[in-house]
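Heads up: the sequence shown begins at 110 in the working numbering, then just goes up one per residue.
Even for Gly, the Cβ is constructed at its ideal location relative to N, Cα and C.
As the structure is a computational prediction, the values presented were derived from the model and not from experiment.
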Amino acid sequence: GLVDVLFKGDGRFLAGTFVSDAIDRTSIGARAATGCQFMRAHQAPDAPDQVSFWQIITLSEVVSPTTVVDVLAVSGNNVLFGHGTGTGITSWRQVAMLEGGAFTGGISAPNMRGDTLVTVGDGTGGMAKGDVDGAGFNGNNLNIKSWNGIGFQNSEDLAIRAYISTRLGVIAAAENLQAGSAIFNKNGDVYGDIWGGGSGPGWLSAFVASKPARQYITMVGVYQNDKTKPFMLHDDGAGVFLATTDMLSGYVQSIRFGAVEHGNLYRSPGFADQLGYVITGVENGDSNDTPDRIQRRLLQLKVNGQWYTVGA
Numbered sequence: 110g111l112v113d114v115l116f117k118g119d120g121r122f123l124a125g126t127f128v129s130d131a132i133d134r135t136s137i138g139a140r141a142a143t144g145c146q147f148m149r150a151h152q153a154p155d156a157p158d159q160v161s162f163w164q165i166i167t168l169s170e171v172v173s174p175t176t177v178v179d180v181l182a183v184s185g186n187n188v189l190f191g192h193g194t195g196t197g198i199t200s201w202r203q204v205a206m207l208e209g210g211a212f213t214g215g216i217s218a219p220n221m222r223g224d225t226l227v228t229v230g231d232g233t234g235g236m237a238k239g240d241v242d243g244a245g246f247n248g249n250n251l252n253i254k255s256w257n258g259i260g261f262q263n264s265e266d267l268a269i270r271a272y273i274s275t276r277l278g279v280i281a282a283a284e285n286l287q288a289g290s291a292i293f294n295k296n297g298d299v300y301g302d303i304w305g306g307g308s309g310p311g312w313l314s315a316f317v318a319s320k321p322a323r324q325y326i327t328m329v330g331v332y333q334n335d336k337t338k339p340f341m342l343h344d345d346g347a348g349v350f351l352a353t354t355d356m357l358s359g360y361v362q363s364i365r366f367g368a369v370e371h372g373n374l375y376r377s378p379g380f381a382d383q384l385g386y387v388i389t390g391v392e393n394g395d396s397n398d399t400p401d402r403i404q405r406r407l408l409q410l411k412v413n414g415q416w417y418t419v420g421a
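1. Am I right that I166 and L181 are in contact with their C-beta atoms under 8 Å? What's the rounded C-beta distance?
2. State the beta-bridge partners of K254 as determined by DSSP.
3. Run through DSSP, which three-state label would D398 get?
4. Please report how far the alpha carbon of V229 lies from the alpha carbon of V279, in whole angstroms.
5. Using only alpha-carbon positions, find the residue among A205, F162, V160 and T143 that is nearest to D179.
6. Please report how far the alpha carbon of M236 lies from the alpha carbon of S217, in whole angstroms.
7. Starting from V183 and walking both ways along the beta strand (DSSP E), at which residues does that stretch end?
8. Below 6 Å CB to CB, which residues in the same chain sit around G118 once its five sequence neighbours on both sides are set aside?
9. Along the alpha helix (DSSP H) that carries A315, what are the first and last residues, could you check?
10. Short check: CB of G367 to CB of R406, under 8 Å?
11. Quick one: what's got a C-beta closer than 7 Å to S169's C-beta in the same chain, skipping five residues either side?
12. Since P310 and D302 are thought to touch, with beta carbons under 8 Å apart, how far apart are those beta carbons, to the nearest angstrom?
13. Relative to the C-alpha of G414, which residue among L189, I364, N296 and A205 is closest?
14. I'd like the list of long-range same chain contacts for G260, defined as Cβ closer than 7 Å, with 5 residues on each side in sequence excluded.
15. If contacts are defined as beta-carbon pairs under 8 Å, then V412 and Q362 qualify, I think. What distance do you get, rounded to the angstrom?
16. State yes or no: is the C-beta of G390 within less than 8 Å of the C-beta of Q404?
17. For the alpha helix (DSSP H) containing A141, list its first residue and its last residue.
18. I'd like to know whether the C-beta atoms of G239 and S255 end up nearer to each other than 8 Å.
19. If distances are taken between C-alpha atoms only, which option among D242, D398, F380 and A153 comes closest to D133?
20. What is the DSSP secondary structure of A205, counted as helix, strand or coil?
21. Only counting the same chain, and skipping five residues up and downstream in sequence, which positions put a Cβ closer than 7 Å to that of M148?
22. Would you list the one or two residues that DSSP bridges to N187?
23. DSSP puts F366 in a beta bridge; with which residues?
24. Spell out the partners DSSP gives Y386 in its beta bridges.
25. If the criterion is Cβ atoms closer than 8 Å, does the pair L408 and G385 meet it?
26. Based on Cα-Cα distance, which residue from K320, K295 and G258 lies nearest to G306?
27. Look up D133 in the DSSP assignment and say whether it is helix, strand or coil.
28. Under the assumption that Y375 contacts T399 (Cβ atoms under 8 Å), give the Cβ distance between them as a whole number of angstroms.
Written out as C-alpha cells, the structure is:
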C-alpha cells in the first residue's frame, strides 16, 4: 500500500537513499525505469564517474525498460543532468557553479559583469577595475592586465597584426598607426594636414622631397653697390641661387686682407684715417704707458672676379 511506496523498495521517498552496496552499483538507467525515485549510486556502469557517491533524483516517462529517463545527480559541489533510457544513462551535462567551478564548454550570455576582475588563463591576466577615476599612467577606470603583451588577433587567418606590450610600454602595428586622418606608416613616413603645404593632407616624404636637399648661405652682397638692396646667395645643393639674374653681376664672391703695413707710434705720427684700411695690431714691447708700433691692412672684396678695396 501507501506505506510500501513511501518506505520500501528502490523508489522509496521518505527513507534514505542507500539500500545496499550491490544496488549502488546497479545501472542508474535501469533503476530509473522502475519509476520516479530518489537513489544513491556508486560505481554504477553509467554513473558520471567511478569514484564519487552520487545522490540522484530520477524522472521516467513510463515504467518500462525502454522508457526515456532524465536524472539529476549531486555529489558535493558537482551537479549533473543525465539523459538516457532503461538501458542506461547515455549523456551527462555538468551544471557549473557560479563561484569556484570550472567551465569546460563555451559560455553564451548577453551580458557578463565582474565586481573587480575578469581573468583568463591562470588568473593573472584579464580586465580589472581601476582604482582611479581618470586616464593616465597612475590610474584608470579600467585596467587590462597581462604579463607581457596583449595581441589583437584576426578571426579569419588568426594573424596578430597589432599588439600592446604591457611590459615595455610599446604599441605596435604591422602596417600603420592612425589618429583621425593622420597616419604613421610602417616605413616611417607620416601623413597629415601639416605636411600638405596648405593644400590638404600630404606625406612627410613628399614634403621633404620638395625642399632643397641642403640649404645654407654662401655669399652676401648688395645689388649694384646699392646698400639699400642687400641680398644673399642661397645654395640649395642643385646650383639654384635665391637671387634674380640681374643681381648676379654684383654679389661679393670673397673677402680678404691685403699685405700688412707697419708704423711707429712713439714719437711718430702713426697712421691717419684712410679708406679701405683696418687696424690689425698694436705693439708695446716694453709694456710701458706708450705703445710702440701699429699694423694695418687693406680690406678687399672680390666682385665679378675683380678685387676691390672697401670704400674705394
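Working from what's here:
1. Walking along the sequence shown from the start, residue 166 turns up at place 57. Walking along the sequence shown from the start, residue 181 turns up at place 72. In this structure I166 is in contact with L181, their Cβ atoms being roughly 5 Å apart against a cut-off of 8 Å.
2. Locating residue 254 in the sequence shown gives position 145, counting from the first residue. Here K254 is bridged, per DSSP, to G235.
3. Here residue 398 corresponds to residue number 289 of the sequence shown, with the count starting at 1. Three-state result, D398: coil.
4. The residue given as residue 229 occupies position 120 in the sequence shown. The residue given as residue 279 occupies position 170 in the sequence shown. Distance between the alpha carbons of V229 and V279: 22 Å.
5. Taking the sequence shown and counting its residues from 1, the one referred to as residue 179 is at position 70. That would be T143, whose Cα lies nearest to the Cα of D179.
6. Sequence index remark: in the sequence shown, residue 236 carries index 127 (1-based). Sequence index remark: in the sequence shown, residue 217 carries index 108 (1-based). Looking at the two C-alpha atoms, the distance is approximately 18 Å.
7. As a working note, residue 183 is residue 74 in the sequence shown. Here the beta strand (DSSP E) through V183 covers V177 to S184.
8. For the purposes of this step, residue 118 is taken as residue 9 along the sequence shown, with counting starting at 1. Because the pLDDT of G118 is 44, which lies under 50, any placement of that residue in the model is unreliable, and the number read from its coordinates should be weighed accordingly. So the list is empty, once near-sequence residues are dropped.
9. Within the sequence shown, the letter at position 206 stands for residue 315. Note, A315: alpha helix (DSSP H), L313 to A318.
10. Within the sequence shown, the letter at position 258 stands for residue 367. Within the sequence shown, the letter at position 297 stands for residue 406. Closer than 8 Å, so yes.
11. Position 60 of the sequence shown holds residue 169. Cβ within range, chain order: A141, A142, G144, C145, T176 and V178.
12. Locating residue 310 in the sequence shown gives position 201, counting from the first residue. Locating residue 302 in the sequence shown gives position 193, counting from the first residue. Between D302 and P310 the Cβ distance is about 5 Å, and since that is below 8 Å, they are a contact.
13. In the sequence shown, residue 414 corresponds to position 305, counting from 1. It is I364 whose Cα lies nearest to the Cα of G414.
14. As a first step, residue 260 must be located in the sequence shown, where it is residue number 151. Counting only Cβ-Cβ distances below 7 Å, and skipping sequence neighbours, we find I269 and Y272.
15. Your numbering for residue 412 matches position 303 in the sequence shown. Your numbering for residue 362 matches position 253 in the sequence shown. Confirmed, about 7 Å.
16. The residue labelled residue 390 in the question sits at position 281 within the sequence shown. The residue labelled residue 404 in the question sits at position 295 within the sequence shown. It is a contact, given that the beta carbons lie within the stated cut-off.
17. Position 32 of the sequence shown holds residue 141. It spans I137 to A141 - the alpha helix (DSSP H) in which A141 sits, taken as one unbroken run.
18. What you label residue 239 is simply residue 130 of the sequence shown in a count that begins at 1. What you label residue 255 is simply residue 146 of the sequence shown in a count that begins at 1. Contact: no.
19. As a first step, residue 133 is located in the sequence shown; it is residue number 24 there, counting from the start. When each option's Cα is compared against that of D133, the closest is A153.
20. Against the sequence shown, residue 205 aligns to sequence position 96. A205: coil per DSSP, three-state reduction.
21. Sequence index remark: in the sequence shown, residue 148 carries index 39 (1-based). Counting only Cβ-Cβ distances below 7 Å, and skipping sequence neighbours, we find D119, T126, R140, I165 and T167.
22. As a position in the sequence shown, residue 187 is number 78, starting the count at 1. Note: N187 sits in a beta bridge opposite S184.
23. Here residue 366 is taken as the residue at index 257 of the sequence shown, counted from 1. DSSP, once it has assigned bridges, lists L408 as partnering F366.
24. What you label residue 386 is simply residue 277 of the sequence shown in a count that begins at 1. In the DSSP assignment, the residues bridged to Y386 are L407.
25. Residue 408 sits at position 299 when you count from the first residue of the sequence shown. Residue 385 sits at position 276 when you count from the first residue of the sequence shown. Result yes, Cβ atoms of L408 and G385 sit closer than 8 Å.
26. As a working note, residue 306 is residue 197 in the sequence shown. Comparing Cα positions, the closest option is K320.
27. Here residue 133 is taken as the residue at index 24 of the sequence shown, counted from 1. In the structure shown, D133 sits in a helix (DSSP, three-state: H, G or I).
28. Along the sequence shown, read from residue 1 onward, the residue named residue 375 stands at position 266. Along the sequence shown, read from residue 1 onward, the residue named residue 399 stands at position 290. 5 Å between Cβ atoms; contact.
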